[in-house]
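Novice: Residue 597 is where the sequence shown starts when you use our numbering, and the numbers rise one by one after that.
We treat Cβ as the ideally placed atom computed from N, Cα and C, and that holds for glycine.
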Amino acid sequence: MKSPSYRWAVPPPAVALAASPGTLRRPARRGARAADRGVSWVLPSHPSSVSAARRLALSQLAVWALPGPADDVELLVSEVVTNALRHTVGPVRLTLCLCPADDAVRCEVEDADPTPPHACEAGEEDEGGRGLYMIDLLARCWGSHPTGGGKTVWFELHVRPKAEGRPNPEAL
Numbered sequence: 597m598k599s600p601s602y603r604w605a606v607p608p609p610a611v612a613l614a615a616s617p618g619t620l621r622r623p624a625r626r627g628a629r630a631a632d633r634g635v636s637w638v639l640p641s642h643p644s645s646v647s648a649a650r651r652l653a654l655s656q657l658a659v660w661a662l663p664g665p666a667d668d669v670e671l672l673v674s675e676v677v678t679n680a681l682r683h684t685v686g687p688v689r690l691t692l693c694l695c696p697a698d699d700a701v702r703c704e705v706e707d708a709d710p711t712p713p714h715a716c717e718a719g720e721e722d723e724g725g726r727g728l729y730m731i732d733l734l735a736r737c738w739g740s741h742p743t744g745g746g747k748t749v750w751f752e753l754h755v756r757p758k759a760e761g762r763p764n765p766e767a768l
C-alpha cells in the first residue's frame, strides 16, 4: 500500500487541512498570524536558505528557552521552506511566533506563489512529496492563506512550558 503524501499542485479553492478520518484537528485561531508579533527573516531563493532557516529557527527556540520542540520545528521548517523555494520564484519570508496563551510555536512561510498546498500521493520510490504529510502528523494544526502577493503556509506545534513557568513572551 502506498503511503499518503503531499505535493504542491492546484487544489480546490479551500484551505487544505488533510486530517485523517476520525481525527479532529484544532483550527487556527482567527488573527493568530505570527507576522503580527513574531520574528521574521527574508531568505533568498537559494538552496542554502533551507539550512539557514533551520539554524534561525533553532536559535530562536533557544532564545525562548524552548528546546523541547526543536527537532519537530527543525524538520517542519525545513519542509515548508524547501517547498516554497522549489515551487516559487524569489525570496521567501520565515516568521516564528511564540504563542504563550496556547503553549504553541507558530511558523509561517510566505512566498510569491498564490497556489495553496494540495494533498496527493507519492509512490514508494519517490524521493520527495511527503513534507506536508509530516506536517499533518506532527503539527497540532496547519494551513495556508492567500496574501496580496502569494500565500502563507503555516503550522503550530505544542510546546511544554518550562518547569518554573510559561515561556517568556518578552523574549521576542
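Return the chain-ordered list of same chain residues with a C-beta closer than 7 Å to the C-beta of T743, the five sequence neighbours on each side being excluded.
Specialist: The answer, listed in chain order, is E706.
Novice: Would you call the segment 652-667 in contact with the segment 708-715, where contact means no fewer than 3 C-beta pairs closer than 8 Å?
Specialist: The segment 652-667 is not in contact with the segment 708-715.
Novice: Flag this pair as yes or no: are the beta carbons of L670 and R702 separated by less than 7 Å?
Specialist: The question names Leu, yet the displayed sequence has Glu at residue 670. In this structure, R702 does not lie closer than 7 Å to E670 by Cβ.
Novice: Give me the Cα-Cα distance between K747 and V685, rounded to the nearest whole angstrom.
Specialist: Approximately 13 Å between the Cα atoms of the pair.
Novice: Just how far apart, CA to CA, sit S636 and L733?
Specialist: If you take the alpha carbons of S636 and L733, they lie about 25 Å apart.
Novice: Along the chain, where does the alpha helix (DSSP H) that runs through S674 open and close?
Specialist: 666-683 is the span of the alpha helix (DSSP H), which, as asked, contains S674.
Novice: Report the rounded CA-to-CA distance for R622 versus D699, giving the unit in angstroms.
Specialist: Summary for R622: the model assigns pLDDT 40, below 50, so the residue's position carries little reliability; its value from the coordinates is reported in the next sentence. C-alpha separation (whole angstroms): 14 Å.
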